[in-house]
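Only one structure is covered here, and it is reproduced in the block below.
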Amino acid sequence: MSLKEQFKQEVQTERRKLKDMSFQDKLWYIWEYYKFHMGGVVIAIMLLYVVGTSIYNSTIHPGLYCAIINNYSNQELDVSLLEEDFHAYMNFGKKEPVYVESMFITYGDNATEYSYASMAKISALVASRDLDVLIADKENIDHYASMDGLSDLKQVLPEDILQVVEDRLVYSTGSTGESVAVSIDIAGTPFALAMHLSDNASNLTLLDNSTHRDNGIALIRYIFDL
Numbered sequence: 000m001s002l003k004e005q006f007k008q009e010v011q012t013e014r015r016k017l018k019d020m021s022f023q024d025k026l027w028y029i030w031e032y033y034k035f036h037m038g039g040v041v042i043a044i045m046l047l048y049v050v051g052t053s054i055y056n057s058t059i060h061p062g063l064y065c066a067i068i069n070n071y072s073n074q075e076l077d078v079s080l081l082e083e084d085f086h087a088y089m090n091f092g093k094k095e096p097v098y099v100e101s102m103f104i105t106y107g108d109n110a111t112e113y114s115y116a117s118m119a120k121i122s123a124l125v126a127s128r129d130l131d132v133l134i135a136d137k138e139n140i141d142h143y144a145s146m147d148g149l150s151d152l153k154q155v156l157p158e159d160i161l162q163v164v165e166d167r168l169v170y171s172t173g174s175t176g177e178s179v180a181v182s183i184d185i186a187g188t189p190f191a192l193a194m195h196l197s198d199n200a201s202n203l204t205l206l207d208n209s210t211h212r213d214n215g216i217a218l219i220r221y222i223f224d225l
């Protein structure tokens with residue numbers, strides 16, 4: 000008997016067995032005799048999904064990554080202004096998303112496990128040069144400025160923007176003790192009001208090692224309609 004005929008005969012035998020069984024018996028029989036085969040199929044599908052997702056994610060390059068820290072507004076934060084409106088303003092493609100993350104960070108005796116986790120995430124984003132823009136309270140701006148992690152806006156912003164935001168520049172102290180204009184107070188702007196940013200968390204700064212500094216500057220133009 001050839002292998003083909005033997006296989007055909009085995010299939011017919013299995014069919015006859017299943018035909019005479021109740022529905023529950025069929026389920027038990029299939030599970031009992033084919034569970035390893037089904038498990039292998041499931042594992043293969045999961046591996047294909049993981050590999051496929053990894054390949055797809057490797058093609059995504061965010062147009063801008065923004066973190067918002069300690070926004071205590073009574074209204075829910077509306078990030079659509081960044082994720083959708085600014086995305087369209089910049090003509091970003093589908094694989095150039097604008098990422099926005101809101102988190103809360105406190106220091107000293109008030110620090111919580113969530114604070115430490117948020118600080119670790121910020122550190123990882125900065126180390127990987129993924130974080131571009133920070134909108135935060137003055138305490139956190141001062142914290143990151145003291146580690147020389149923020150741009151000197153007087154050095155990186157074009158003159159036409161500086162003329163508009165000059166009165167809104169906020170200074171912090173760097174590691175050398177020098178006072179540097181590292182953030183812009185955007186409180187009261189249509190952008191801040193639409194996003195429901197609280198006045199305490201309205202200092203916008205650009206990360207010094209950002210790979211999308213031009214897009215961060217474009218965001219400032221967008222906020223002040225320049």
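Going by numbering that gives the first Met the number 0, the residue at position 86 of the sequence shown is 85; the numbering climbs one at a time, nothing skipped. Glycine included, every Cβ here is placed at the ideal spot set by N, Cα and C.
Query: What whole-angstrom Cβ distance do L124 and L205 have, given they're in contact under 8 angstroms?; Result: The Cβ separation is near 14 angstroms, so there is no contact.
Query: For L205, write down the residues that DSSP places opposite it in a beta bridge.; Result: V132
Query: Determine the DSSP secondary structure at L81, reduced to helix, strand or coil.; Result: helix
Query: Which residues mark the beginning and the end of the beta strand (DSSP E) in which L196 is found?; Result: Per DSSP, L196 belongs to no beta strand (DSSP E) and is neither H nor E.
Query: Buried or exposed: which applies to L203, given that a residue is buried once 16 or more other Cβ atoms fall within 10 Å of its Cβ?; Result: buried
Query: Ordered along the chain, which non-local residues of its own chain (more than five positions away) have a Cβ less than 7 angstroms from that of I222?; Result: I185, T188 and F190
Query: So, is Y143 buried or exposed, given that buried needs 16 or more other C-beta atoms within 10 angstroms?; Result: buried
Query: Is S72 near A200, with beta carbons less than 9 angstroms apart?; Result: yes
Query: Who pairs with T175 in a beta bridge, going by DSSP?; Result: Per DSSP, none; premise fails for T175.
Query: Quick one: what's got a C-beta closer than 6 angstroms to Y55's C-beta in the same chain, skipping five residues either side?; Result: Bear in mind that a pLDDT of 47 at Y55, under 50, signals an unreliable position, so the model cannot answer this.
Query: In terms of residue numbering, what span does the alpha helix (DSSP H) encompassing Y221 cover?; Result: R212 to I222
Query: In chain order, what residues of the same chain lie with their CB nearer than 6 angstroms to the CB of M146, ignoring the 5 residues before and after it?; Result: none
Query: Name the two residues that bound the continuous alpha helix (DSSP H) containing L225.; Result: Here L225 belongs to no alpha helix (DSSP H), and DSSP marks it neither H nor E.
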